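In this text, residue positions in the sequence shown follow the numbering used here: the first is 490, and each later residue adds one.
For each residue, glycine too, the CB sits at the ideal point set by N, CA and C.
Please read all numbers here as calculations on a predicted model, not as lab measurements.
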Amino acid sequence: MKREQAYQILSEKISGPRYDHTVRVAETAEKLAVKYGADVERTVLAAIFHDYAKLQPISELKELIIEYRLDSRLLDFHPELWHAPAGAVLVQEEVGIKDEEILNAIRYHTTGRAGMSLLEKIVYIADYIEPGRKFPGLDEVRQLADQQLDMAVFKSLGNTIKYLIGQSATVYPDTFEAYNAMAPK
Ligand code: DGI
Ligand code: FE
Ligand code: FE
Ligand code: FE
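Structure follows, in structure tokens:
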């Protein structure tokens with residue numbers, strides 16, 4: 490699928506600031522894919538569709554998790570997490586993308602997971618560092634992303650865990666597993 494077609498399909502699903510965020514994630518992911526030698530077109534496609542389900546009503550995301558027998562633990566965690574795994578289902582069913590690595594990048598873009606592929610790491614970090622973001626510690630992660638992708642992913646996972654704990658929020662196990670897996674050995 491060509492980018493123009495992907496953006497066309499996306500624009501029927503999301504618009505406004507969320508669409509603009511997606512364009513910035515795709516541009517950031519493209520640069521990282523070139524730098525780190527990932528498949529550029531597949532990385533960009535994953536980035537374009539990473540938030541495909543972001544504006545879907547929570548009730549519909551919940552139905553998808555049940556209907557497609559996704560990890561039922563998701564339902565005990567914050568609904569903000571649901572657009573990622575439910576989005577992977579919708580991108581497969583509605584857009585027709587079958588590429589498992591692209592689908593996994595969408596599925597795990599919010600939490601991360603242990604054993605992320607290069608393409609998954611790039612989408613994860615592009616979502617975190619795109620120029621429109623403002624998080625504490627972002628400058629450090631942006632600098633790391635320039636040279637040490639794994640360290641950037643490790644730091645951003647740590648920052649997210651710290652942020653969530655600061656909010657007294659629960660942390661989905663995949664996020665901890667991703668953090669532990671990315672710790673420098
Ligand atoms: O969809 P985006 O806003 O572009 O970004 P995202 O999908 O990476 O993250 C959405 C939100 O999910 C973000 O505010 C942080 C939060 N989040 C990430 N991991 C966890 C989490 N929230 C909870 N409760 N638990 C997690 O493990
Ligand atoms: Fe997202
Ligand atoms: Fe993210
Ligand atoms: Fe996003």
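Counted within 10 angstroms of its Cβ, other Cβ atoms place residue i as buried (16 or more) or exposed
i, result
"D509", "exposed"
"D663", "buried"
"D616", "buried"
"T659", "exposed"
"S504", "exposed"
"I586", "buried"
"A672", "exposed"
"I614", "buried"
"E493", "exposed"
"F624", "exposed"
"G576", "buried"
"S657", "exposed"
"E519", "buried"
"K610", "buried"
"S561", "exposed"
"Q637", "exposed"
"K491", "exposed"
Whole-angstrom C-beta distance between residue j and residue i, which should lie under 8 Å
i, j, result
"R513", "E629", "At roughly 19 Å, the Cβ-Cβ gap does not stay under 8 Å, so R513 and E629 are not in contact."
"L608", "A594", "5 Å"
"A535", "I591", "4 Å"
"M640", "L646", "Going by Cβ atoms, the distance from M640 to L646 rounds to 11 Å, so no, they are not a contact pair."
Reduced DSSP category for residue i - H, G, I as helix; E, B as strand; rest coil
i, result
"K644", "helix"
"D540", "coil"
"L559", "coil"
"S548", "helix"
"D565", "helix"
"R602", "coil"
"F665", "helix"
"M671", "helix"
"Y525", "helix"
"R622", "coil"
"K587", "coil"
"V630", "helix"
"E609", "helix"
"Q497", "helix"
"K651", "helix"
Practice task
Tell me, please, whether the stretch 594–609 touches the stretch 530–540 by the rule of three or more beta-carbon pairs shorter than 8 Å.
Solution key: These segments touch.
Handout entry: Cβ contact check for the stretch 652–668 and the stretch 600–615: 3 or more pairs under 8 Å
Key = A contact exists between the stretch 652–668 and the stretch 600–615.
Handout entry: Environment of ligand 4 in chain order, Cβ to heavy atom below 5 Å
Key = This criterion selects D540, D616.
Problem - Inter-stretch contact at 8 Å, needing at least 3 Cβ pairs: the stretch 542–558 / the stretch 566–573 - result: The stretch 542–558 vs the stretch 566–573: in contact.
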